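Residue numbers (this note's numbering), protein chains in the order written: chain P, 596 to 756; chain D, 559 to 1058.
Backbone N, C-alpha and C fix where the C-beta goes; we use that ideal spot for every residue, glycine too.
This one's a predicted model, so the numbers in the text were calculated from it and none came from an experiment.
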């Protein structure tokens, strides 16, 4: 089973799920002839059609030669490495409402650098703190764009009382 | 006709254009010089910062970044034999050979001089050609916009790379993403899963940051670090009169090919660079020097890159159709400021267009100045450990995406599109058709349905409007030509596989 077949299969699943949801879109009294679900249904059907075509082509036609294609083991290794970066990002989303922006982003810089091949050291900690300060300075101080403050304002307020 | 007073007025009204042009060039050179960080990624990283900025300064910043990145890519290509951008790959051949001969400064000078000349040519064409292209704006009706949208979507056929089917799938997925949110006619919720954050749909900027920047960060996590260089022999030396005369033909070839490729959907800098390298070799008096440190081997691709960075904006601004990733990101910059590129841009936001033209002219001067000043910081940056650079870019993405709407949900969406972009790369599905679908989906659907409401559901309305009819005919012609080309290419590919 080559990649194109799997891509076609995934496309077909997406098309089926999307079409099922498009069927359930409520029509309104104000609806025009096409309606809110009209084009989505067509998109779903077309995607299903193209996905099936891709699967058929993959079944009967050899995979094109790609000189840049990596070996399966290399692909798995690359995907795992990418997954690690994704997990760091997801952890940031979960943690930043509690840790606050400066601390969370400093941790992201340190952990991502470590994950990308850096070694844990005081220098790394310094760079993470400096990087976080730089980003905080640009976004919060210069551009006045609020970033999550975390639990710290409430905690400090509680301690004051 | 070139409206010089309009450009001057825009400059007076938005003086931030000048620092934006300089900052864009500086950021572009730095981003372009980092291997793996393409011009579109460099621009996508900037998008969140432009959100609160003056719209004219914002688009000038992005357009200047594009030019800066095209030049920046040649710096590591010459110094460490690693192209900073795909389009600088052709420069590696003779650029690094010149560096090995102790002529790194000359190579950098030829690269800068040629990029600059190519850009001057491209900017002149941008200013001259875009407005006539958009002159039909006043006659546009909903039916015409449908024709324009279909023409834009027909471009998918030529952006599909090796497989038309995959290109169409990507385009359809983009159209599906564009249906998320409130229905443009009835106001019904579609695919929102009762989440209020999805009511206004998925902003195209999140799709672009995700599939360009985040997906590349996932990819870079498994890539080895790049080479390092010393700064001793790296000082730009501009070519003398004799050398300038020698480079003239190759620069003209590069600028012309860059112009054609900039206009062609899916063309872009990489194809232009290699085509012009090849043509420059064919027309050169010393073709035997190519591959062994020929100055013309640097001049032709760099001139093409400079030209593309301006001419790629012609179809994007005139018709609202981005033909390359970088043009798509610039289009995103217009969209986040509530401006839709296309014919109406010239009537609704004429001042912004004039400001962009003025900014492009200033960016040419900025390139000349900043290139000298930033070379050493650039080399310093390239010599930093890759893990710190990647970590900082990731932190920048997370911070920037949050800053757009102060939403962690949007950060999650950008990460999700990173995964989608990574998967599309794995399955060799082109990403640009998806971006095109996301950008054009809403316009096509809303105008299609509005046109049908106005005509009591009669589809003949699209044929009766001469503009729509013309655009639809061009679109179908475009699809037909692409189909024939794809069919021919796949036959060749099949024969290759069989013979292998």
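Query raised in the report: Apart from the five residues just before and just after residue 965 (chain D), which ones in its own chain have a Cβ nearer than 7 Å to its Cβ?
Result: 755
Report task. Could you check what DSSP says for residue 748 (chain D) in three-state terms: helix, strand or coil? Result -> strand
Query raised in the report: In or out: residue 573 (chain D) buried (at least 16 other Cβ within 10 Å) or exposed?
Result: exposed
Requested in this report: Closer than 8 Å by beta-carbon distance: list the chain D residues that pair up with residue 715 (chain P), in chain order.
Outcome: None at all; the shortest Cβ gap to chain D is about 12 Å.
Query raised in the report: Skipping 5 residues on each side, what residues in its chain have a beta carbon closer than 7 Å to that of residue 867 (chain D)?
Result: 624, 625, 628, 677, 680
Query raised in the report: Alpha carbon to alpha carbon, how far is residue 985 (chain D) from residue 602 (chain P)?
Result: 6 Å
Query raised in the report: How about residue 992 (chain D) and residue 732 (chain D): do their beta carbons lie closer than 8 Å?
Result: yes
Report task. Classify residue 958 (chain D) as helix, strand or coil using the three-state DSSP reduction. Result -> helix
Report task. Can you give me, in chain order, the residues of the stretch 633-650 of chain P that have a beta carbon less than 7 Å from any beta carbon in chain D? Result -> 634, 635, 638, 641, 642, 645, 646, 648, 649
Report task. Residues of the stretch 675-688 of chain P with a CB closer than 9 Å to any CB of chain D: list them in chain order, please. Result -> 675, 676, 677, 678, 679, 680, 681, 683, 684, 685, 687, 688
Query - Same chain, Cβ closer than 8 Å to residue 912 (chain D), five either side skipped, listed in chain order - result: 561, 564, 565, 567, 568
Query raised in the report: Would you say residue 948 (chain D) faces chain P, with C-beta separation under 8 Å as the test?
Result: yes
Query raised in the report: Quick one: what's residue 1075 (chain D) bridged to in DSSP?
Result: The requested residue 1075 (chain D) does not occur in the structure, where chain D is confined to residues 559 to 1058.
Query raised in the report: Pick from D:759, D:897, D:828, D:937: whose alpha carbon is nearest that of residue 874 (chain D)?
Result: D:897
Report task. Determine the contact status of residue 517 (chain D) and residue 669 (chain D), defining contact as a CB-CB distance below 8 Å. Result -> The requested residue 517 (chain D) does not occur in the structure, where chain D is confined to residues 559 to 1058.
Query raised in the report: When DSSP labels each residue in this structure, what does residue 897 (chain D) get in the three-state scheme?
Result: coil
**Report entry** N-terminal and C-terminal residue of the alpha helix (DSSP H) that residue 905 (chain D) is part of
**Finding:** 903-906
Query raised in the report: With 16 as the cutoff for other CB atoms within 10 Å, does residue 1050 (chain D) come out buried or exposed?
Result: exposed
Report task. Determine, using beta-carbon pairs with one atom in the stretch 629-645 of chain D and one in the stretch 836-850 of chain D, whether at least three such pairs fall under 8 Å. Result -> no
Query raised in the report: Name the chain P residues that come within less than 8 Å of residue 1043 (chain D), Cβ to Cβ?
Result: Those do not exist, as residue 1043 (chain D) stays about 16 Å from chain P at its closest Cβ, beyond 8 Å.
Query - Chain-ordered chain D contacts of residue 631 (chain P) [CB-CB under 8 Å] - result: 741, 743, 744, 746, 748
Query raised in the report: According to the neighbour-count rule (16 or more other Cβ atoms, all chains shown, within 10 Å of its Cβ), is residue 878 (chain D) buried or exposed?
Result: buried
Report task. Decide if residue 765 (chain D) is buried, meaning its Cβ has at least 16 other Cβ atoms within 10 Å, or exposed. Result -> buried
Query raised in the report: In angstroms, rounded to a whole number, what distance separates the CA positions of residue 620 (chain D) and residue 752 (chain P)?
Result: 42 Å
Query raised in the report: CB residue 680 (chain P) to CB residue 779 (chain D), shorter than 8 Å?
Result: yes
Requested in this report: Please state whether DSSP places residue 739 (chain P) in a helix, a strand or coil.
Outcome: coil
**Report entry** Cutoff 6 Å; reference residue 909 (chain D); Cβ partners in own chain excluding five residues on either side
**Finding:** 568
Query raised in the report: Does the beta carbon of residue 737 (chain D) sit closer than 8 Å to a beta carbon anywhere in chain P?
Result: yes
Report task. Give a yes or no on whether the minimum CB-CB distance between residue 744 (chain P) and chain D is below 8 Å. Result -> no
Query raised in the report: Just curious, the alpha helix (DSSP H) that residue 636 (chain D) is in, first and last residue?
Result: 632-637
Requested in this report: Closer than 7 Å by C-beta to residue 703 (chain P): which residues in its own chain qualify, once you throw out the five before and the five after it? Chain order, please.
Outcome: 683, 687
**Report entry** Members of the stretch 927-946 of chain D near chain P, C-beta cut-off 8 Å
**Finding:** 943, 944, 945, 946
Query raised in the report: Among P:742, P:749, P:755, which has the Cα closest to the Cα of residue 960 (chain D)?
Result: P:742
Requested in this report: Could you tell me whether the Cβ of residue 629 (chain D) comes closer than 8 Å to any Cβ of chain P?
Outcome: no
Query raised in the report: Using 8 Å as the Cβ pair cut-off and three pairs as the minimum, do the stretch 701-716 of chain D and the stretch 1017-1032 of chain D touch?
Result: yes
Requested in this report: Let me know the secondary structure DSSP gives residue 700 (chain D) once reduced to three states.
Outcome: helix
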